[in-house]
Structures are given as structure tokens and as C-alpha cells.
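Engineer:
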Amino acid sequence: MSYIYTDMKGSARVMHEDYNNTVAGWVNESIVIALPELLECINKLYEQNPERFESTETSFSIADFGCATGASSITPLRTVIDRIKQINSEKEIHVYLEDLPENRFDLAFTTVQEGLKDYKNVFIMAAGKDFSQQVFPNKFLDISFSSLTAMILPSPPAPLDDNVFFLANPENTETERGKKWIEGFNQHWVQFMNSRKAELKKDGLLFVTLIINQNPNKDYQTKENEFYHEVATQVLKKVLTKYNVEDKISSCMKTTVSVYKSHYLDICNSIPDLHVVSSNDFDVKDIFYHEYIETNDLKTFGQKVASYIQGWWGDVLEGGLAQQGVDQQIIKEVSKEVFEILPEFVESRLNIYPEYYNVLALAVQRTA
Ligand SMILES: C[S@@+](CC[C@H](N)C(=O)[O-])C[C@H]1O[C@@H](n2cnc3c(N)ncnc32)[C@H](O)[C@@H]1O
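No gaps in the numbering here: position 261 of the sequence shown is 260 in numbering that gives the first Met the number 0, and each next residue is one more.
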């Protein structure tokens, strides 16, 4: 039985129940790259505020925004917890797993409890709410963490029918549609940052990783644009047309944006009492492509990439069609067919499959 109710409004944003198996490994590459920066930020926080770590009287609160089914939460949480416990092994730590209410919190709890079971005094809780608003009380958190999530907008600012998500480049940011997406992104990011700022204690740290498109002319960014353009126009559109629901194409797309680093930084720098601690970006290896280079096994490559795409897009596609009132049977057929076609399609598009993706590790501190 599926616990994902595709007729629920928000389910157009949550992850597929198999996300831990199909996507977490891919995401983990970006987490591993960003961990040294996270550790450095925690050390700075310790230098500024030693009693926050050393005192056993108060607890330390960490939230993971957009925890999904939990597999990607474990490594960053362990990094933070290990450092705190190194300083004070008795320190009580509260971990809050945050996501939309319809997320599979059962899977998130099972996975994260298992991944943190060897610690003493670590308490795991959850909050199910849209993070566009304030989720936690004022001055409640010591560290807010979020991996590859905060670039998802609450709703599409304009219809999108030629790509699975919005990838900024010099051409499309000048179009009417592109301007609307950037405007929608700005509104989202202002709201996200103000909500997170309110929840942080003074000196508290927000550490987020985001998929960006720092240099749209880079070879792999051009490929990413082309590859997902073809997934939308060659695969999805054909299947929707077969079922006479091609006019619903926009509802199937992700509300994720890949914009420039400056789009994030300009807003962070305009918010009072926030200080940008670091903002490095990285070319992160796509694990499926690099595995293919080692093995030459094109079939496995196609299957893994298709499962990975289904992990972050499957429920979004189905949920979007459900919101448009499409019949449940047709939704199931469309989804089944798209993900049946995808492996071979991916195999045939190796030449335009992006070998890397670009990630921004952004660390921001509340100063007052
Ligand atoms: C791409 S997944 C990332 C999951 C995980 N952090 C990782 O790194 O693998 C994005 C997650 O953010 C959640 N999400 C998207 N928009 C949200 C919102 N407005 N409020 C809370 N969670 C949201 C989705 O439900 C999903 O679980």
C-alpha cells in the first residue's frame, strides 16, 4: 500500500518512497564535498561561544530542513554531533527532522534512528510543515541544516513545458517566463531566509547546499539543460499526448530552480543581522556517469539514472497530474510508461548526460 496520497496538494513536492535507495548515493557526493566547510563553521561557532558547547545545563538543537526519507541526513548530522560530543560528551542534542507533512516520516525516523543509534543523549523529533513559513519558535535552533532542498519553490511562478526544472542561462533569464521564475525565486528565498533567521539563536548557523548554475557555459551545464529538455519534450510529452493529457504538461514539472550564486548572495546580503560566513561552489561528480566510465555497462547506467530520476520526480509527476484532476488510472499508466521508457532513453543520450553538477555550500550566521 502506498502512503503517498497523490490527490493531496503538497504531494507534488515530496520524494518517492524509494528515494533512500535510488537518490541518496548521488546526493551524498555533494554532502561529502561540503563537510569540511560545515566542520569549519562549527569550530568558528565554538570559538565565538564556547559555553554553548561546554555547558551541560542547556541542550543543542539541530534541524534538517527537507529531510525526505532520511538517508542523506545521517552523515551531516554525525559530523555535527561528533564535534559537539568531542567537546562535551554529556551534551544533550535535539535533532529535528523537517519536511512537508505528507513526507514519509516513518522512513525518515527508521533510517535516522538507526544511523544515530550509537550516541547517548541524542533525541530525534520531527516537524511537518512547509518551510516557506517559520517552522520552529523564535531563537530556538543552534544549527539549521538543509541539503539540496531550498532551491525548490512552493509553486511554479510561470508554466514550464520544455524542461523538467528551471535552469537559468543568459537567454532564458531575459524572457517573460524566465523573469517570472527569477522573481518567484527571489520571493521564495527572502521568505526562506527570514523564516530561518527568526528560528536561529544569536550566532546560530544556517548551512545549506544548493544546486546552482554558476557558469551556464560550462560543458556539463549545457548538457544538463539539453538532457532534461529532452526528457521533458521527447519522453514525457509523447506519453502525455498518447493519453490525451498533453495540456497538463506544466503540472508535471519540478518547481526546482538552478540559478546563479549571485541570486542567493544578493538576498542574503540584503537581510539585516545576517552574515554570510562562506559561499564556495563545487563541481560534484555524478556517480552514475563515473561508474559507467569504470564499467562500460550502459544498461546498468540507464537503469540507475532512470531510478534516480524517478526518486525525485516520480511522485511530483503523479501529484501534479492529480492536482489537475486527471483520472488516477491514467496517472498510473502515464507514470509507468514514462519510467519504462526512461532507461533506454538515457542509454541513448550518454553524449548529453551531465558528468557533474554544481553545488553551492552556503553558510550564514545570525548576528543579533
Ligand atoms: C530533493 S529532496 C532532498 C532530500 C535530502 N535533504 C537530500 O539531500 O537527499 C527535497 C526534500 O524537500 C522537501 N520539501 C520541498 N519543499 C518543501 C517545503 N516547502 N517545506 C518543507 N519541505 C519541503 C521535499 O518533500 C523533499 O523531501
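Built from N, CA and C at the ideal position, the CB exists for glycine as well.
1. Exposed or buried, residue 94, counting other C-beta atoms within 10 Å across all chains shown (16 or more means buried)?
2. Residue 104: beta carbon under 7 angstroms from a heavy atom of ligand 1?
3. What three-state label does DSSP hand residue 270 in the structure shown?
4. Since residue 338 contacts residue 257 with CB under 8 angstroms, what's their CB separation in whole angstroms?
5. Can residue 413 and residue 238 be called in contact, C-beta distance under 8 angstroms?
6. Measuring straight from C-alpha to C-alpha, what distance separates residue 315 and residue 162?
7. Going by C-alpha distance, which of 346, 169, 340 is nearest residue 216?
8. Could you check how far apart the C-beta atoms of residue 280 and residue 357 are, in whole angstroms? I think they sit under 8 angstroms.
9. Report, in whole angstroms, the separation of the C-beta atoms of residue 55 and residue 20, which I expect to be a contact under 8 angstroms.
10. Taking all protein chains shown into account, decide if residue 292 is buried (16 or more other Cβ within 10 angstroms of its Cβ) or exposed.
11. Applying the 10 Å Cβ sphere with the 16-neighbour rule, what's the burial state of residue 303?
12. Could you give the distance in angstroms between the alpha-carbon of residue 264 and the alpha-carbon of residue 213?
13. Would the beta-carbon of residue 150 fall within 8 angstroms of that of residue 267?
14. Can residue 312 be considered in contact with ligand 1, in the sense that its beta carbon sits closer than 7 angstroms to one or more heavy atoms?
15. Measuring CA to CA, which of 135, 230, 296, 348 is closest to residue 308?
16. Give the secondary structure of residue 233 by DSSP, where H, G and I count as helix, E and B as strand, and everything else as coil.
17. Output the distance between the C-alpha atoms of residue 289 and residue 222, rounded to the nearest integer angstrom.
18. Helix, strand or coil for residue 122 per DSSP?
19. Using 10 angstroms around the beta-carbon of residue 403, count the other beta-carbons present and answer buried if the total reaches 16, otherwise exposed.
20. Can you tell me whether DSSP reads residue 244 as helix, strand or coil?
21. So what does residue 204 bridge to, in DSSP terms?
22. Answer with buried or exposed for residue 112, where buried requires no fewer than 16 other C-beta atoms within 10 angstroms of its C-beta.
23. Whose C-beta lies closer than 8 angstroms to the C-beta of residue 253 among residues of the same chain, with five residues either side of it excluded?
24. Run through DSSP, which three-state label would residue 97 get?
Structural biologist: With the given structure in hand:
1. buried
2. no
3. coil
4. Contact doesn't hold; Cβ gap of about 23 angstroms is too wide.
5. The shown model of the chain, from 0 to 367, leaves out residue 413, and the question about it has no answer.
6. 14 angstroms
7. 169
8. 6 angstroms
9. Wrong, their Cβ atoms sit about 39 angstroms apart, outside the cutoff.
10. exposed
11. buried
12. 12 angstroms
13. no
14. no
15. 230
16. helix
17. 16 angstroms
18. strand
19. Any question about residue 403 goes unanswered here, given that the chain covers just 0 to 367.
20. coil
21. 142, 364
22. exposed
23. 151, 163, 164, 311, 312, 315
24. strand
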